[in-house]
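Participant:
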Amino acid sequence: MAEEKFAFESDEVSIAFYSLAGMGDVVIARKVLEALIELAPNCVVDFFCISEAHKHFAKAFYGDIKNLNGVFSYQKFYEDKNKNYDAALCVGGCHVILLENANIKRMEAMAPALLESFVKIDEYNKKNVYPYGAWQTAVALRNVIAASILNKNCYEFLSCDGALPIRDNKINIPLSPEFKRKFDALKLDKYITFYTNISERKKTRPKVKA
9 MAEEKFAFES DEVSIAFYSL AGMGDVVIAR KVLEALIELA PNCVVDFFCI SEAHKHFAKA
69 FYGDIKNLNG VFSYQKFYED KNKNYDAALC VGGCHVILLE NANIKRMEAM APALLESFVK
129 IDEYNKKNVY PYGAWQTAVA LRNVIAASIL NKNCYEFLSC DGALPIRDNK INIPLSPEFK
189 RKFDALKLDK YITFYTNISE RKKTRPKVKA
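Under the working numbering, think of the first position of the sequence shown as 9, with each following residue one higher.
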């Protein structure tokens, strides 16, 4: 990953991409990133990070993606730079995709499949999501209820009714050789993991999942 230049400085379709800062949020958002790359195989992507931990998560979970150009600070760059990209989007809370910018003419010429997907996402959002900021709690409740009744998962919501090619819930996370050796040395067969509160902001308030 080269961090000297922004993706929009290349000749390829450029995408500005960010997610919520939690470790699980970054992992889930990888499915969206992979779908975007499937629709525009030559695209160049910049990931914008909200915190230092977010930056480490992005590098750890996306470091094997060849389309990833760089990892940059959201606070320093995003607001000023996002309009320079051919597409800018966020994977938000409640498993929604928020489109923030699109260069229609360039996408028509260079990534028509991606543009068609964006049109479908916009139509989906008008019926199911917007105005997100005003009623995101209701979106979360709706998704939880729908997931229970319809046996859906977060990736099905992120596909926006098929607008993005998200077909399953499998995520391939790269594992560095160093950590693989340490993991193999544990000689685990079947095991159980326990979630603990790793948030620096809420040490006094354990999360529901803890």
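We put the CB at the ideal spot given by N, CA and C, even for glycine. Here the structure is a predicted model, which is why all the values come from computation and not from measurement.
So, for N111: in the same chain, excluding its five sequence neighbours on each side, which residues have a beta-carbon less than 8 angstroms away from its beta-carbon?
Facilitator: Y93, D94 and A95.
Participant: Answer with buried or exposed for V152, where buried requires no fewer than 16 other C-beta atoms within 10 angstroms of its C-beta.
Facilitator: It counts as exposed.
Participant: Which word fits A146, buried or exposed, when buried means at least 16 other C-beta atoms lie within 10 angstroms of its C-beta?
Facilitator: So A146 ends up on the exposed side.
Participant: Identify, in the order they occur along the chain, each residue of the same chain with its Cβ nearer than 6 angstroms to the Cβ of L47, setting aside the five sequence neighbours on each side.
Facilitator: So the list reads A121, L122 and S125, once near-sequence residues are dropped.
Participant: Report yes or no: do three or more beta-carbon pairs, one from the stretch 14-28 and one from the stretch 80-88, lie closer than 8 angstroms?
Facilitator: The stretch 14-28 vs the stretch 80-88: in contact.
Participant: For A110, does the three-state DSSP call read helix, strand or coil?
Facilitator: Strand.
Participant: When burial is assigned at 16 or more other CB atoms within 10 Å of the CB, is S22 buried or exposed?
Facilitator: So S22 counts as buried.
Participant: Looking at C-alpha atoms only, which residue of N180, A29 and A43 is the closest neighbour of A171?
Facilitator: Nearest of N180, A29 and A43 to A171, Cα basis: A43.
Participant: Quick one: give me the first and last residue of the alpha helix (DSSP H) that C102 is part of.
Facilitator: First-last for C102: undefined, no H or E at that position.
Participant: Look up Y93 in the DSSP assignment and say whether it is helix, strand or coil.
Facilitator: Three-state DSSP puts Y93 in coil, outside helix and strand.
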